[in-house]
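Same order as they appear, the protein sequences are chains A and B.
Just so we're aligned: the first sequence equals residues 1 to 352 in the working numbering.
Just so we're aligned: the second sequence equals residues 1 to 352 in the working numbering.
There are 2 protein chains.
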Amino acid sequence: MSPRRVTMTDVAKHAGVSRTTASLVLSGRGRELRISQSVERRVLEAAQELEYRPDIVSQSMRTGTTRTIGFVSDTVATSRLAGDMIKGALEAARERGVMLFIGETEGEPDLERGLLEAMQDRRVDGIVFASMFTRTIPVPAALTTAPAVLLNALPAEPCPLPSVVPDEIEAGRAAARVLLDAGHRDGIHLVGAGPDIDDVPPGTVAGVERLTGIRDVLDRAGVEIAGGRVCPDWQPEHGYAATAELLERERPRALVCLNDRLALGAYQALDGAGLKVPDDVSVVSFDDHPIATWIRPKLTTVALPHHELGREAVDVLFAEIDRRREGRDPDSRSRRVPMPVRRRDSVAAPRA
Amino acid sequence: MSPRRVTMTDVAKHAGVSRTTASLVLSGRGRELRISQSVERRVLEAAQELEYRPDIVSQSMRTGTTRTIGFVSDTVATSRLAGDMIKGALEAARERGVMLFIGETEGEPDLERGLLEAMQDRRVDGIVFASMFTRTIPVPAALTTAPAVLLNALPAEPCPLPSVVPDEIEAGRAAARVLLDAGHRDGIHLVGAGPDIDDVPPGTVAGVERLTGIRDVLDRAGVEIAGGRVCPDWQPEHGYAATAELLERERPRALVCLNDRLALGAYQALDGAGLKVPDDVSVVSFDDHPIATWIRPKLTTVALPHHELGREAVDVLFAEIDRRREGRDPDSRSRRVPMPVRRRDSVAAPRA
DNA sequence: AGCGGCCGCTAACACGATTTAGCAACCGGC
DNA sequence: GCCGGTTGCTAAATCGTGTTAGCGGCCGCT
């Protein structure tokens with residue numbers, strides 16, 4: 001079988017000291033507690049020679065901290081985006097020597113509760129509670145036990161939890177500015193939401209906020225939105241249908257698609273109508289989904305910074321853990337992570 | 001602060017019995033060790049009333065099993081596929097009340113070693129060592145300590161580890177059969193690899209095995225491959241280039257693309273040449289990437305069963321853990337998970 | 001000589017569970 | 001009345017670590 005792990009007792013024995021002394025030296029408190037240099041050296045050498053590594057389970061037992069955090073999300077498999085978020089969280093955790101439990105609730109309260117309990121039973125130091133698309137959520141009661149952060153989600157009711165979300169309003173503004181900068185003033189249509197602020201699929205934050213940002217910039221510039229079409233879901237087929245229907249009535253100069261999958265559908269409809277992107281119609285979108293660089297021409301889009309969101313959430317979580325340890329009140333503000341514009345080939349000046 | 005957790009001592013005190021008795025009852029060994037029915041009931045009631053849940057860290061300390069496994073992969077963020085694999089693993093783990101650590105090595109040996117050590121230090125019960133695309137890998141020494149399974153990877157040298165991989169050869173056969181069944185005999189071209197068995201991008205298992213399967217079926221049917229083009233990487237742009245170049249020379253009747261991203265590029269090139277899928281050219285592919293259903297017409301493809309691979313890996317891992325516990329030798333066979341054909345709209349009978 | 005103080009280390013307990021060994025009480029048989 | 005066996009429970013050890021309290025020895029001062 002596998003050879004028994006080297007324990008601190010082994011190290012102490014090998015160095016000819018008590019286990020206490022070994023513990024003191026190895027936890028760096030030797031100097032403070034007046035362990036002689038020679039003993040200290042003997043212990044360190046013994047530890048190195050035996051390749052001693054502390055057993056974290058035992059440490060957790062004693063100290064109460066497991067150097068482990070939980071990452072709970074509704075789903076991990078929707079897209080590459082989810083993976084990026086986890087990747088960011090993973091990096092930030094690794095820098096602190098912390099491991100990540102992951103779990104998915106599939107949106108079911110039972111699974112959610114079970115998962116949170118399983119993590120608490122394993123004494124996680126904190127929990128990142130993530131949603132794969134931005135929305136407001138009812139905060140589970142179990143989340144108030146351990147330090148926690150909401151990721152890509154806002155609490156439905158005021159609660160003492162910090163949250164990390166993408167800055168969708170500013171993203172909307174950025175998308176509108178891309179078109180204005182290229183010289184567009186007329187024939188700007190929306191695909192997926194709008195034109196009015198109430199025309200959004202239910203339950204999404206991204207819809208309202210992106211639309212708010214777009215309208216804000218266009219309004220200020222005195223530019224009127226030519227039209228818009230709300231889609232129940234933001235899949236390619238809906239983008240195709242909305243755009244095809246639009247093309248029957250009029251000829252747009254620019255499309256703002258509310259995400260890249262809609263934009264893919266819009267491309268297909270434009271192609272079917274013999275219109276060229278960007279010469280005939282400019283397209284700007286949101287998300288920076290992998291397909292944005294696969295379709296032709298490559299899509300100009302405002303990126304969801306999933307990687308950065310994941311990192312930031314873990315950073316905020318550890319700040320929160322520190323606050324708790326110091327007995328301070330939790331920080332319930334929400335962080336807005338900027339969404340960068342990826343300028344590619346789908347936007348051009350309108351034809352004269 | 002957060003209220004102290006309810007411990008077994010609390011339960012025992014509340015029921016008026018010793019901690020030992022409480023433990024016996026709660027671990028279901030009460031009957032066996034002749035605890036009276038009345039005491040048993042008192043303990044169970046106390047546990048329920050106090051909402052007692054055992055502390056898994058303490059249990060781990062005593063029993064050596066953490067009900068936690070590690071999922072180590074080179075990367076988790078390449079695509080939705082990775083997410084699906086994790087999702088499958090997660091499901092299988094949840095069914096056993098087991099949590100999942102995840103970590104990524106980014107292919108760096110240092111990170112890999114650190115990660116495996118971190119997991120061992122947390123006494124994981126076993127490790128799934130996954131690759132995001134099928135390949136042969138050198139098995140890290142640290143993997144032999146705990147029970148482990150290779151997922152989507154084959155050991156470079158014989159070693160006592162089971163592995164779980166997709167059945168790529170049979171997938172190749174299935175793809176070829178799709179074309180034969182539709183009546184194709186001539187003008188079958190390969191995109192991404194081939195036509196000879198050596199024409200594959202280096203380091204991939206999928207390339208050789210898919211090609212092997214394709215050739216196997218076509219050879220048996222007496223059908224000759226009209227041509228092929230190996231691509232250094234399997235991205236849309238390579239599929240586009242290979243197909244565009246092919247179209248300059250001749251007019252294919254069917255394309256076997258070695259993955260869906262290549263197929264996307266091929267679609268674009270065919271579209272550019274004014275050829276219709278599937279009327280002019282049939283296309284069959286591999287992976288069942290999300291875009292397969294987004295592009296028009298929807299792509300017929302042989303699916304990588306990522307979800308199933310993840311599940312299977314965890315199942316095999318637990319079988320392995322059981323073997324070890326019973327002192328039997330490890331099972332070093334490799335499992336082949338079938339790759340199902342997704343028949344959609346990109347294959348039709350050749351034009352008369 | 002007696003006493004206080006420092007130096008360098010160790011004994012012992014705690015964390016929360018599991019498990020082994022054993023104790024007290026009762027019963028029956030001779 | 002003593003012995004042996006069964007019943008029903010508990011004391012105590014254990015896992016590997018962190019931490020507090022304290023012990024013996026030496027030095028210096030009066």
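By construction, the Cβ of each residue, glycine as well, lies at the ideal position given by its N, Cα and C atoms.
When Cβ-Cβ separations below 8 Å define contact, residue 276 of chain B makes no contact with chain A.
Bounds of the beta strand (DSSP E) holding residue 192 of chain A are 188 to 192. For residue 90 of chain B, the residues of chain A that pass the 8 Å Cβ criterion are 76, 102, 103 and 104, in the order they occur in the chain.
Per the Cβ contact rule, the segment 230 to 244 of chain A is in contact with the segment 185 to 199 of chain A (3 or more Cβ pairs under 8 Å). In the three-state scheme derived from DSSP, where H, G and I count as helix and E and B as strand, residue 60 of chain B is classed as helix.
For secondary structure counted as the alpha helix (DSSP H) over 4 or more consecutive residues, the segment 199 to 223 of chain B holds these complete runs in sequence order: 205 to 220. Contact annotation for residue 300 of chain B against chain A: no contact, minimum CB-CB distance about 18 Å [criterion: below 9 Å].
When secondary structure is reduced to three states using DSSP, residue 225 of chain A falls in the coil class, being assigned neither helix nor strand. Partner residues in the beta bridge of residue 149 of chain B, as assigned by DSSP, are B:128. Residues of the segment 45 to 61 of chain B with a C-beta atom less than 8 Å from some C-beta of chain A are 53, 54, 55, 56, 57, 58, 60 and 61, listed in chain order.
At a cut-off of 8 Å between beta carbons, residue 113 of chain B makes no contact with chain A. The three-state secondary structure of residue 169 of chain B, taken from DSSP, is helix. Its chain contains 264 and 267 as the residues whose beta carbon lies nearer than 7 Å to that of residue 295 of chain B, once the 5 sequence neighbours on both sides are disregarded; these appear in chain order. For residue 303 of chain B, the uninterrupted beta strand (DSSP E) segment begins and ends at 300 to 303. Here DSSP, grouped into helix, strand and coil, assigns residue 8 of chain A to helix.
One thing to note: residue 112 of chain B has its Cβ within 8 Å of the Cβ of residue 140 of chain B. Residues of the segment 211 to 243 of chain A whose Cβ lies closer than 7 Å to any Cβ of chain B, in chain order: 236.
For the C-beta of residue 312 of chain B, not a single chain A residue is nearer than 7 Å; the gap to the nearest is close to 16 Å. Around the Cβ of residue 48 of chain A, a 10 Å sphere holds fewer than 16 other Cβ atoms; the residue is exposed. At least one beta carbon of chain B lies nearer than 8 Å to the beta carbon of residue 87 of chain A. For the C-beta of residue 122 of chain B, the chain A residues within less than 9 Å are, from N- to C-terminus, 55, 56, 57, 60, 66, 67, 68 and 99. Looking at the DSSP output, residue 287 of chain A shares a beta bridge with A:303. Interface residue (Cβ-Cβ distance to chain A less than 8 Å): residue 263 of chain B is not classified as such. DSSP places residue 99 of chain B in the strand class (E or B) of the three-state scheme. Between residue 10 of chain A and residue 307 of chain A, the beta carbon gap of about 42 Å keeps them out of contact (Cβ cut-off 8 Å). Against chain A, the beta carbon of residue 118 of chain B has neighbours under 7 Å at 99, listed in chain order.
The Cβ of residue 107 of chain A sits no closer than 8 Å to any Cβ of chain B. The three-state reading of DSSP puts residue 293 of chain B in helix, counting H, G and I together. Put simply, the CB of residue 296 of chain A is near chain B, with a gap under 8 Å to one of its CB atoms.
Residue 33 of chain B counts as exposed, since fewer than 16 other beta carbons sit within 10 angstroms of its beta carbon. The beta carbons of residue 192 of chain A and residue 254 of chain A sit no closer together than 8 Å.
Between residue 243 of chain A and residue 270 of chain A, the gap from beta carbon to beta carbon is short of 8 Å. In the three-state reduction of the DSSP assignment, residue 164 of chain B falls in the strand class. Boundaries of the beta strand (DSSP E) around residue 256 of chain B: 254 to 257. One alpha carbon belongs to residue 309 of chain A, the other to residue 36 of chain B, and they sit about 56 Å apart. Chain-order list of chain A residues neighbouring residue 291 of chain B: 291, by C-beta distance under 7 Å.
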